[in-house]
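Undergrad: Starting off with a structure, shown below.
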Amino acid sequence: MSNPESTTKPLQRRKVIQAAAGASLLQLATPFIIPARAADNVKIGLDNPLTGTYAAVGKNELIGCQLAIEQINAKGGINGRQAELLVEDSTSGDAGTAVQKARKLIERDKVDFLLGNVNSSLALAMAQVSAEKGVLHVVPGGHTDAVTGTSCHWNVFRICNTTQMEANAVTPSLIKNAGKKWYFITPDYSFGHTLQSGLEKACKANGGSTIGADLTPLGTTDFSSYLIKAQAAKPDVILFLTQGDDMINALKQAVQFGLDKRFHLAGGQQELEALEGLPPDARIGTWVFEWYWNQPGVPHVAEFVADIKKKTGRVPTARTWFGFASTWTCALAANNAKSLDAVKMAKALQGLKLPPEVALMPDGAFFREGQNQLIPDLYVGHAQAKGISEDDLFKVTEVVKGADIAGTLAETGCKMTWPS
Amino acid sequence: MTFGRDKLAWNAVLWIVLLTMPYWMGAIGGYTELASRVVILGLAAMSLNFLLGFTGVLSFGHAAYFGLGAYGAAMSLKFFAPSTALAIVVGIVVGTLAAAAIGALIVKLRGVYFAMVTIAFGQVFYFITFRWNSVTGGDDGVTGWHRAPLRLGFATIDILGNDKAFYYLVLLLFAVAAGIMAMLLRSPLGRTLIAIRENERRARFLGIPVERHIWISFVISGGFAALAGTLYALLSNFTDPRSLHWTLSGNFVIMAVLGGMRSFWGPLIGAAIFVVLQDYVSSHTENWMSFIGLFFVLVVTFFPRGVLGIIKRRVAS
Amino acid sequence: MTQLLLFNVFNGLIVGAFYALMALGLSLILNLSGVINFAHGGFLAIGAYLAYALMPTIGFWGALIVAPFLTALLGLVVERVLIRRLYGRDPLYSLLLTFGLAYILEDGTRYIWGAQSLPFPIPAWLTTPLSSEFFFLTGYRLFMVLLVAVAVGGLFLILNRTRLGIRIRAGTLDLETVSVLGVNVGVLRNLNFGLGIYLAGLAGVLAAGMLGLQPTIGTSLIMPSFVAIIVGGLGSLPGTLLGGLLIGVASGVTTVFFPSATEAVMYVMMGLVLLVRPRGLLGEEGRTQ
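Chains as they are written, first to last, in this note's numbering: chain A, 391 to 810; chain B, 11 to 327; chain C, 0 to 288.
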């Protein structure tokens, strides 16, 4: 750094360039700017990833929220007032940003409800803030058990399943159809750990055994060395607990290695976003979905699918449904409690059964009292390259009732305390 | 650095602005937490600038020490004792030790290669916190703790519930750190560092042990970055590996450059602009990354001397 | 156990070849222009997405040939318009520029193609494993190694047999003299940058076949490239190649014994190299400044 720069550019030229840059920025900005915020509405704050690894699922949750807001307002709003969705990008992993945005939504924008986060750890961090500030918080898609388990709060509700529930749902059919010797490829973070231990427990209870497991760092792109190890252990089933891009990479490579012809490939949670990102020959395996769009005979589902298709051109995924159901939960809480007081709303949600046009499932869904966890149906099945249409990438073989496999309240470790 | 009356006046204005920030922040669409963030990241950028602007050494991996400070504080509060003061001390110690170790390893390199290696080492720490699940919580970070109220013997200050109280604690520590940094820069040590920045070869010919001074600067800079990190963890009641990632390091550098690397307060101004801009832009568009990226490009191409650099030149002319 | 080990060594070489391809492009740009191209991963993603966009019209092979060239073209434009004005200044500025560029490229690809992972189909006959025993030697992976070998060979030929290449090598050693000898340094740097980006684009097309195609595809590959360059030796292209291969093999072998250290091992190697031989395994004396 010993050469001072020569700065002979005249100030005028610089000013002109700055002005031009500023003006062009503004021109570019207009299509991106989200509309301004009105003062009289009921505000729901969504603090979810819109960039980074979780951008795709986060975006789908956002779309579900947006549809819900439209429907809520069409039906008269929340307690007679219009509802408004405030969206903030938590980014996919920066807890500092997620917490900052949560605080911003609560303190500056004075939201009545907080929604988020896809990333389990960010969901927990946000839950701490919402509990501190006493704001009703619904977690659409953060799966770690602690959210409605050991770290449960009276004001925090969750739509998606716990990993234990997913494990319990898929294990019996896996043992029956695929085999008893299991090998795990697990992402190395809380979601992966709890899913693996949940599956191991269920496996043992059903007569199976774990013959090996590998923890893979999040964001691993090349799973070849783990796959080489897995096949050497000669299991019946190789379970891929990885999610998102890790899932895509792992499955793609497993199929390229021909492992699908020698072993049964399966896992716990699977999502349509991942299947859509796989080449057709890699859309295989036995999985659990938390919601699926192709449910013939279940009322209201077809309308929901049509509404979402009109918005995005693609079918809704479980994530879309998570966002949709969470936003509706806020409206139901307020309308049932006839108030926006968080404690009253939380009490109104205890044991609440979601109406069929929100639940969109054969057996419906309800919030378990004392845990604030939604107990829905789970869909066990296998992936397929093509079904009744290009979007039909999953064949549901069994719909499991959440209530049957959710375990007891004591097992979840949630001890809820209410403010006096 | 001359200290005319003007400088004193500007410093006074700056401090008045900082002292009253929580009160006028809300009026311009901000919130107290944002103010704390500005000060904390400003401190981080200033610590980096100690190395970058005043010693002339390009470190692109300072988030490592920032993040280690954050983890030190978080783990102290979670596992050792519910004492905020202890947490801050632990965080600073951890970050400084790491800076000392790494600094010693890389002090012989310069320029672009030095930058590469600082990034790589930053990633080493990122990677350790990411993988060492049992201790650091891995990708989930260290959760389930929060800042403890300050027990001062004669009074207990609730910095957890009261955002403003926390802001003033942050500001106090910032003032102390800034004061120490200013003193160091005015001292013979500081003069030596500036000499090294201006012309390393000549400094060496004058008999100055250049490597040792760069190491010292690295350690000091890392220590203050660690302090900023501890405050950052305390701010969110949470820390995760992202606070060690090289993209955060890059943000510190842009803050320093944007504000003006050759001036003491430049990085704070840069941090203020960057943090507020990012907060504003990310609320209004999903494509905030493009805007921030564009911002980097524009600053580097048209404002290399930074805001204070431009102001200084205008004042001088 | 030995079979497991052997498999992992072979596989490591394959993965390492891919890392080397990425790192070589980065190294080319670093050596001549002194710019750390943080946007290298972004260009990799652009290469992958362009291939995806072109495939319906010109097929996999057409995309494989055309996409890297288009990416290189983009690289030439970027260098000419943005990076060139920063050469005279502190290296800090070009770093920050490529940093910002990386953000723009990632967000740009997300804006144009969406955040959703896109399926990237490769010709079926390429994906089948060659033998059931050596199942990990899929046609695609061997094809990748072959392509990397061709690319490296081509690079070597360019650098040693063409005027451009010789000027690049000379410029790496002493740019001032080269300029005094009448070579247009601006054009030289421009073409060198384009060459480096070509390699990034090529790596992108190959990566899309192996990994999922989404906007962040390049960001995870930047760090191994850095480490490959540091381990192999600053300023040395063969060193970078060696570095990439070493990292690949080391990671593979570590998976057998300490699976959780699979990624750490490359940083440990880097630390050791810096301690014992700071210029890297094949680095030249004096290049660390």
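Beta carbons are placed, not taken as given, at the ideal position from N, Cα and C, and that holds for glycine.
Note down the Cα distance separating PHE422/A from SER779/A, rounded to an integer number of angstroms.
TA: Reliability of the predicted coordinates at PHE422/A is poor, the pLDDT of 37 falling under 50, and the value obtained from them is presented with this limitation in mind. Distance between the alpha carbons of PHE422/A and SER779/A is about 33 Å.
Undergrad: Among residues of its own chain, excluding the 5 on either side of ASN7/C, which ones have a beta-carbon nearer than 7 Å to its beta-carbon?
TA: If we look at ASN7/C and ignore the five residues flanking it on each side, its Cβ neighbours are GLY251, VAL252, THR254, VAL255.
Undergrad: Short of 7 Å Cβ to Cβ, which residues in the region 738-758 of chain A face chain C?
TA: Of all residues in the region 738-758 of chain A, none has a Cβ within less than 7 Å of some Cβ in chain C.
Undergrad: Expressed to the nearest angstrom, what Euclidean distance is found between the alpha-carbon atoms of VAL30/C and LEU43/C?
TA: It should be pointed out that residue 30/C corresponds to Asn in this sequence rather than to Val. C-alpha separation (whole angstroms): 19 Å.
Undergrad: With a 10 Å radius around its C-beta and 16 neighbouring C-beta atoms as the bar for buried, classify THR137/C as buried or exposed.
TA: Buried, by the Cβ-count rule.
Undergrad: Applying a beta-carbon distance threshold of less than 7 Å, which residues of chain C neighbour SER614/A?
TA: Neighbours of SER614/A on chain C, chain order: ASN10, VAL14, PHE135.
Undergrad: Could you give the DSSP three-state label for PHE228/B: helix, strand or coil?
TA: Residue state, collapsed to three classes: helix.
Undergrad: Hey, is SER246/B's beta-carbon within less than 9 Å of any beta-carbon in chain A?
TA: So, interface residue.
Undergrad: Can you pull the chain B neighbours of TYR579/A, defined as C-beta to C-beta under 8 Å?
TA: Going along chain B in sequence order, the residues near TYR579/A (Cβ under 8 Å) are ASN143, GLY148, ASP149, ASP150.
Undergrad: Return helix, strand or coil for ASP635/A, following the three-state DSSP convention.
TA: Helix, per DSSP.
Undergrad: Once the 5 residues before and after PHE712/A are set aside, which same chain residues still bring their CB inside 7 Å of it?
TA: The answer, listed in chain order, is GLU451, GLY454, PRO530, GLY531, ILE549, CYS550.
Undergrad: Should the region 225-240 of chain C be regarded as contacting the region 273-285 of chain C, the criterion being three or more beta carbon pairs within less than 8 Å?
TA: The region 225-240 of chain C, when compared against the region 273-285 of chain C, does touch it at the 8 Å Cβ threshold.
Undergrad: Kindly indicate which three-state DSSP category ALA413/A falls into: helix, strand or coil?
TA: Unreliable positioning characterises ALA413/A in this predicted model, as indicated by a pLDDT of 48, which lies under 50. The coordinate reading is nonetheless provided below. Here ALA413/A sits in helix by DSSP.
Undergrad: Ends of the alpha helix (DSSP H) at ASP794/A?
TA: Note, ASP794/A: alpha helix (DSSP H), 792-795.
Undergrad: Consider the Cβ of THR128/B: report whether some Cβ of chain A lies at a distance smaller than 9 Å.
TA: False, the Cβ-Cβ gap to chain A never drops below 9 Å.
Undergrad: Give the list of continuous alpha helix (DSSP H) stretches no shorter than 4 residues that lie fully inside the region 161-218 of chain B.
TA: Runs of the alpha helix (DSSP H) inside the region 161-218 of chain B: 173-196, 198-208, 210-215.
Undergrad: Using a 10 Å radius around the Cβ and a threshold of 16 neighbouring Cβ atoms, would you call ALA426/A buried or exposed?
TA: Only weak support is given to the placement of ALA426/A: the predicted model assigns it a pLDDT of 47, under 50, and the value that follows is read from those uncertain coordinates. By the neighbour-count rule (16 or more Cβ atoms within 10 Å), ALA426/A is not buried but exposed.
Undergrad: Quick one: measure Cβ to Cβ for GLY677/A and PRO625/A, integer angstroms, because I've assumed they're closer than 8 Å.
TA: Looking at the sequence shown, residue 677/A is not Gly but Trp. With a Cβ gap of about 17 Å, TRP677/A and PRO625/A do not count as contacting.
Undergrad: Give the range of the beta strand (DSSP E) segment to which HIS527/A is assigned.
TA: Start and end: 526-529.
Undergrad: What is the rounded straight-line gap between the Cα of LEU100/C and the Cα of ARG324/B?
TA: Whole-angstrom Cα-Cα distance: 30 Å.
Undergrad: For chain A, find out if any of its Cβ atoms is closer than 9 Å to the Cβ of SER231/B; answer yes or no.
TA: With 9 Å as the cut-off, SER231/B does not count as an interface residue toward chain A.
Undergrad: In chain order, what residues of the same chain lie with their CB nearer than 7 Å to the CB of LEU91/C, ignoring the 5 residues before and after it?
TA: If we look at LEU91/C and ignore the five residues flanking it on each side, it has no Cβ neighbours.
Undergrad: With distance defined between alpha-carbon atoms, name the residue in ALA592/A, CYS542/A, GLN586/A nearest to ASP604/A.
TA: Of the listed residues, the one whose Cα sits closest to ASP604/A is GLN586/A.
Undergrad: Does DSSP put GLU474/A in a helix, a strand or coil?
TA: GLU474/A: strand per DSSP, three-state reduction.
Undergrad: Between which two residues does the beta strand (DSSP E) holding SER273/B run?
TA: Careful: SER273/B lies outside any beta strand (DSSP E) and carries neither H nor E.
Undergrad: Evaluate the contact criterion for the region 156-167 of chain B versus the region 262-274 of chain C: three or more CB pairs, one atom per stretch, below 8 Å.
TA: In short, these stretches do not touch, since the Cβ pair count stays below three.
Undergrad: How many angstroms separate the CA atom of GLY170/C from the CA atom of ILE28/C?
TA: One C-alpha to the other measures close to 12 Å.
Undergrad: For LYS523/A and ALA80/B, what's the separation of their Cα atoms in angstroms?
TA: Approximately 24 Å, taken between the alpha carbons.
Undergrad: Out of curiosity, what's the CA-to-CA distance linking SER520/A and GLY486/A?
TA: Each residue's Cα considered, the two are about 15 Å apart.
Undergrad: Is the beta carbon of GLY40/C sitting closer than 9 Å to the one on SER300/B?
TA: Not closer than 9 Å, so no.
Undergrad: Rounding to the nearest angstrom, what Cα-Cα distance links GLU221/B and GLY602/A in this structure?
TA: Taking the straight line joining both Cα atoms gives about 50 Å.
Undergrad: Report yes or no: is there a C-beta of chain A within less than 9 Å of the C-beta of GLU221/B?
TA: False, the Cβ-Cβ gap to chain A never drops below 9 Å.
Undergrad: Identify every residue that forms a DSSP beta bridge with ILE434/A.
TA: ILE434/A is bridged to LEU475/A, PHE503/A.
Undergrad: So, GLN763/A versus THR584/A, is the Cβ gap smaller than 9 Å?
TA: Not in contact: GLN763/A and THR584/A (Cβ atoms no closer than 9 Å).
Undergrad: Starting from the N-terminal side, write out each stretch of the beta strand (DSSP E) that is 3 residues or longer and does not extend beyond the region 706-782 of chain A.
TA: With a minimum length of 3 residues, the continuous beta strand (DSSP E) runs that stay inside the region 706-782 of chain A are 756-758, 763-765, 767-773.
Undergrad: Going by Cα to Cα distance, which pick from GLU663/A, ILE674/A, LEU739/A, MET637/A is closest to ASP650/A?
TA: Ranking GLU663/A, ILE674/A, LEU739/A, MET637/A by Cα distance to ASP650/A puts ILE674/A first.
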